[in-house]
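Just so you know, the sequences run in chain order P and E.
Its first residue numbered 1, the first sequence is counted upward by one per residue in the working numbering.
Its first residue numbered 1001, the second sequence is counted upward by one per residue in the working numbering.
Here is the structure we will look at, set down as structure tokens.
Protein chains: 2
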Amino acid sequence: MQHIDFLSRLALPATSKIVLLVLDGVGDLRTAAQPQTALDRASTPNLDALARAASLGRLTAVRPGVTPGSGPGHLGLFGYDPASPEADIGRGVLEALGLGLPMDTSDLAARGNFATADGDGNLTDRRAGRISTAECERLCAKLQAAVAEVDGVSVQITAGESHRFVLILRGAALSADVEDTDPQRLGVPPRMPRAASAAGEPSARRIAKLVERLHAVLADEPQANRVLLRGFSKLPALPQLGEVYKMRCGAFAGYPLYRGVASACGMEVVPCGKEFNEVVTAVAERWNDFDFFFVHIKQTDTAGEDGDLAAKAAVIEGVDAGLPDLLALDPDVLAVTGDHSTPAPMKAHSWHPIPLLIHSKLAFVDDTTAFNEQETLRGHLGDLRSRELMGMLLAHAGRLAKFGA
Amino acid sequence: MQHIDFLSRLALPATSKIVLLVLDGVGDLRTAAQPQTALDRASTPNLDALARAASLGRLTAVRPGVTPGSGPGHLGLFGYDPASPEADIGRGVLEALGLGLPMDTSDLAARGNFATADGDGNLTDRRAGRISTAECERLCAKLQAAVAEVDGVSVQITAGESHRFVLILRGAALSADVEDTDPQRLGVPPRMPRAASAAGEPSARRIAKLVERLHAVLADEPQANRVLLRGFSKLPALPQLGEVYKMRCGAFAGYPLYRGVASACGMEVVPCGKEFNEVVTAVAERWNDFDFFFVHIKQTDTAGEDGDLAAKAAVIEGVDAGLPDLLALDPDVLAVTGDHSTPAPMKAHSWHPIPLLIHSKLAFVDDTTAFNEQETLRGHLGDLRSRELMGMLLAHAGRLAKFGA
């Protein structure tokens, strides 16, 4: 039995408020060259006071040593096993959900780039000079007007930011077993859509025909005369969190991707800004409407990906400054953690364990005095897998029934 | 999905050097009677300096409380689940591999002892007076000359040390479901080879016929007039490490058993001496030929089995003294650990967690200041299963792809 199914058997109907504050990529490294992590460096009087009154611990997102993408990182936090085939959310689906596009489990999505090819059809820019979002919207409208369907499959083309768009195909018997058309290099034409399995053949043929028609429409464009498609994928039929945990789940995230994941898990996505104070304001406004609040702050990850430790620490300080407003709502359980680590020295996601704090009347007040990597190692929660977190949050809210007599 | 299959999906081709230094049985106990472990007692300035620049943690070989043999202990370190039937290496196979005898997955191996029986056929010495290796070789040659096959199955008899030999049978449809013929006590005859299942019946009948013929050949021997057979087993078809982890794997071990295990896992066994400086010299000579170096030091385990804490500490000090030579090769990742603990007070393998150190540019430099059991408990790596180690080593070498988008 998967852990989430076990929890679902024990979950009691909600009579409490749980806040899960995810600081994306918050975990960092101590190395000879960087002796302090972002959490070490940031001045966080409120988080540290919370740590002194809470239990600390660490999460491993997927498996030891395995670095998760944003999808698996969050699915783990919500209780799914990200390594199970049932929880495999592809890049195309993530992007579609991130733009707020409704998807059904029979739909096929891909992430698209506009690109530039020369007279011989060889790619000269895989991002079409990073055209503006307005230009991208113009191109998508032009394509959509010209190509509404192909072989009985409806085609939806939606602009993203800059040169990015999302393609959704709707129809019977679509397969995600189609390879990327992005060759990942210049001087060659886009790849033909190839089937990754026999099951993918009909879809690959349809997509090849579609790409041909799209390129015909783009033939007179000076810059964006090609499309590159990646991450063909379908929405997995994930158990919906409201049913699994018997609570009303609201997602408060400023960035599309995280809204998308939350939506796929069955949360209601609440529109809000990207800054912590904006997100907290949105949470306060909807405080009576939900039992579980997924609050996502992206900027820690962005700073980590930029290798900018000072910026990462500054984001954490901003969250710390706004924390009293969140605490003023008096949640029964407040957890602070990340979906993975994004150490500044690596400028990338990593596998390093993620700091975790759980504050609740039922939390063991351990000896830890600050919220950082080294202190969490001493915490009472110990080392958990991310998919074990939801059970701990429910438990700390008094919402898991005793197992067995 | 087993962890090793998951890792295999993510492993990137090698562009780095990983050294896994296994101090066999290094973990020890603190008790009232023995207040210091071997690592506590040994003076290890180099290991301690490494610990200050590295991450520490602990490994559990198989499952908590479970004491592993040498086979399972090492299979875990290499990423297999030693408790899975697919990774079950029997004693006969281990001995055969340890003598450098090539084995195929259809061959059947057993570990043999020469023994002494009296005129009534009852055993008086299960080790035939611990005859010399030279005597053992003479007896094996005599048996091999007399018995080359039985019922169409070819028979290979190879001398080991003292009274020990290895029997390998080659032919179609051989089964390992045959019980030991060693009764484990004196005053009774050797047991008949009995089938442990219906599938083992034909093999048991052949082996009974073989034993009868071997005893006939030995009838005129004054001392070694019986054979006792144990650990009938076949080589499991283990996923080969070179393919699994996409790297060239070299094994540097002075003792046969560990060479055998490494060979069964697909490593190239490099001849070398038994002392640490000899092994390091061999590693240095082949530095360009491999991406992964399994370095095995046996003497810590031997001292532990002897209950000789001072000798165990001395072996560790010898390794410490030679460590700079290994570090001079500048491996991207150096891990120091054991395959299990062999506490001197127990004079045996044990289940106690095994100290682990990982040094790499991507290792979190935790607050630990020495390499010993108590310090590893505070380490950033936390508690891992042995089979999770390879993923951590690959991660610390930057060689695991991100999982999911």
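C-beta: ideal position from N, C-alpha, C; glycine also.
No experiment lies behind these values; they were computed from the predicted model shown.
{"Query": "Can you give me the C-alpha to C-alpha distance between residue 287/P and residue 254/P, rounded to a whole angstrom?", "Result": "18 Å"}
{"Query": "List, in chain order, every chain P residue whose beta-carbon is nearer than 8 Å to that of residue 1321/E.", "Result": "None at all; the shortest Cβ gap to chain P is about 24 Å."}
{"Query": "How many angstroms separate the CA atom of residue 1298/E from the CA atom of residue 1141/E?", "Result": "30 Å"}
{"Query": "Assess contact between the segment 1216-1223 of chain E and the segment 1175-1182 of chain E, defined as three or more Cβ pairs (one per stretch) separated by less than 8 Å. Is contact present?", "Result": "no"}
{"Query": "Could you say if the segment 76-83 of chain P and the segment 102-115 of chain P meet the contact criterion of at least three C-beta pairs nearer than 8 Å?", "Result": "no"}
{"Query": "Under the three-state reduction of DSSP, which class applies to residue 221/P: helix, strand or coil?", "Result": "coil"}
{"Query": "Compare the Cα-Cα distances from residue 1046/E to each of 1245/E, 1228/E, 1322/E and report the closest residue.", "Result": "1322/E"}
{"Query": "At the level of alpha carbons, what is the spacing between residue 277/P and residue 251/P?", "Result": "15 Å"}
{"Query": "Counting contacts by CB-CB distance shorter than 8 Å, is residue 1365/E in contact with chain P?", "Result": "yes"}
{"Query": "Please decide whether residue 108/P counts as near chain E, where near means a Cβ-Cβ distance under 8 Å.", "Result": "no"}
{"Query": "Can a CB atom of chain E be found closer than 8 Å to the CB of residue 386/P?", "Result": "no"}
{"Query": "Would you say the segment 1007-1026 of chain E touches the segment 1327-1334 of chain E, given that touching needs at least three Cβ pairs under 8 Å?", "Result": "yes"}
{"Query": "Just curious, the beta strand (DSSP E) that residue 165/P is in, first and last residue?", "Result": "164-170"}
{"Query": "Check this for me: beta carbons of residue 289/P and residue 248/P, under 8 Å apart or not?", "Result": "yes"}
{"Query": "In chain P, which residues lie less than 8 Å from residue 1405/E when you measure between Cβ atoms?", "Result": "69, 70, 71, 89, 90, 91, 94, 231"}
{"Query": "Leaving out five residues on either side along the sequence, give the residues of the same chain with a beta carbon under 6 Å from the beta carbon of residue 336/P.", "Result": "21, 357"}
{"Query": "Cβ of residue 114/P within 8 Å of Cβ of residue 97/P?", "Result": "no"}
{"Query": "Which residues of the segment 34-63 of chain P have a Cβ closer than 8 Å to any Cβ of chain E? Give them in chain order.", "Result": "35, 58, 62, 63"}
{"Query": "DSSP has residue 383/P in a bridge; who is on the other side?", "Result": "58/P"}
{"Query": "To the nearest angstrom, how far is it from the Cα of residue 1406/E to the Cα of residue 1363/E?", "Result": "Lying outside 1001 to 1405, the shown extent of chain E, residue 1406/E is not represented and no answer is given."}
{"Query": "With a floor of 3 residues, list each beta strand (DSSP E) that falls wholly inside the segment 222-267 of chain P, ordered by position along the chain.", "Result": "226-233, 249-253"}
{"Query": "In terms of residues, what are the limits of the alpha helix (DSSP H) holding residue 1052/E?", "Result": "1045-1052"}
{"Query": "Is residue 234/P buried or exposed, if buried means 16 or more other CB atoms sit within 10 Å of its CB?", "Result": "buried"}
{"Query": "Alpha helix (DSSP H) containing residue 6/P: first to last residue?", "Result": "3-10"}
{"Query": "Alpha helix (DSSP H) containing residue 355/P: first to last residue?", "Result": "From DSSP, residue 355/P is part of no alpha helix (DSSP H) but of the beta strand (DSSP E) over 354-360."}
{"Query": "Consult DSSP for residue 65/P and reduce its assignment to one of helix, strand or coil.", "Result": "coil"}
{"Query": "Reducing DSSP to helix, strand and coil, say where residue 1040/E ends up.", "Result": "helix"}
{"Query": "Check residue 18/P in the structure and name its three-state DSSP category.", "Result": "strand"}
{"Query": "Would you call the segment 201-221 of chain P and the segment 235-247 of chain P touching, i.e. three or more CB-CB distances under 8 Å?", "Result": "no"}
{"Query": "What's the C-alpha gap between residue 279/P and residue 271/P?", "Result": "9 Å"}
{"Query": "Does DSSP put residue 1293/E in a helix, in a strand, or in coil?", "Result": "strand"}
{"Query": "The alpha helix (DSSP H) that contains residue 1417/E, what's its start and end?", "Result": "For residue 1417/E there is no data in the structure shown, the boundaries of chain E being 1001 and 1405."}
{"Query": "Given this structure, state the Cα-to-Cα distance separating residue 1338/E from residue 166/P, to the nearest angstrom.", "Result": "51 Å"}
{"Query": "Counting only beta-carbon atoms, is residue 1010/E nearer than 8 Å to chain P?", "Result": "yes"}
{"Query": "Taking Cβ-Cβ distances shorter than 9 Å, what residues in chain E pair up with residue 184/P?", "Result": "Within 9 Å Cβ-Cβ: nothing; residue 184/P doesn't reach chain E, min ~14 Å."}
{"Query": "Return the residue from the list 1312/E, 1389/E, 1355/E, 1292/E that minimises the CA-CA distance to residue 1041/E.", "Result": "1312/E"}
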